[in-house]
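*Asks:*
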Amino acid sequence: MEPAVARPDSEPQRFERASAIAERFVDNIETVVYGKRDEIKLVLTALTCGGHVLLEDVPGTAKTVLARAIAGTIQGATPSRIQCTPDLQPTDVTGLSI
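So the mapping is simple: the working numbering equals the position in the sequence shown, first residue as 1, plus 29.
1) Alpha helix (DSSP H) containing residue 70: first to last residue?
2) For residue 47 and residue 98, I'd like the C-alpha separation in whole angstroms.
3) Which value, in whole angstroms, describes the spacing of the CA atoms of residue 87 and residue 79?
4) What span of residues does the alpha helix (DSSP H) with residue 95 cover, start to end?
5) Can you tell me the Cα-Cα spacing of residue 94 and residue 69, whole angstroms?
6) Residue 92: which of 119, 63, 120 and 116 sits nearest, CA to CA?
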């Protein structure tokens, strides 16, 4: 008798599970960053798609707190900050020599 093979989830089940995880992710970040649910969702979308995000706003609007909260929610992630100065080089961002 062959061992039972786990069947992969159907598309709707995978979507529901991913939605639930994303919702928990957003809820967790919202415990630190209040009133920025739309921004959190946009950053999560970019992160999921492998994209990039540039957060621009006046000082004191929780940009750094948002980045740290997201990194704190992802296991193994560490936040870092890049100050954009005129002498910024690609190696400063990527850590690789281009």
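Beta carbons are placed, not taken as given, at the ideal position from N, Cα and C, and that holds for glycine.
Since the model is a prediction, treat every value here as computed from it, not as a measurement.
*Replies:* Here's the rundown:
1) Taken as a continuous stretch (DSSP letters only), the alpha helix (DSSP H) holding residue 70 covers 66-77.
2) If I take the Cα positions, the gap works out to 20 Å.
3) Put simply, the backbone Cα of residue 87 is about 26 Å away from that of residue 79.
4) For residue 95, the uninterrupted alpha helix (DSSP H) run begins and ends at 92-102, by DSSP.
5) Going from the Cα of residue 94 to the Cα of residue 69 covers about 11 Å.
6) Taking only the C-alpha atoms, the option nearest residue 92 is 63.
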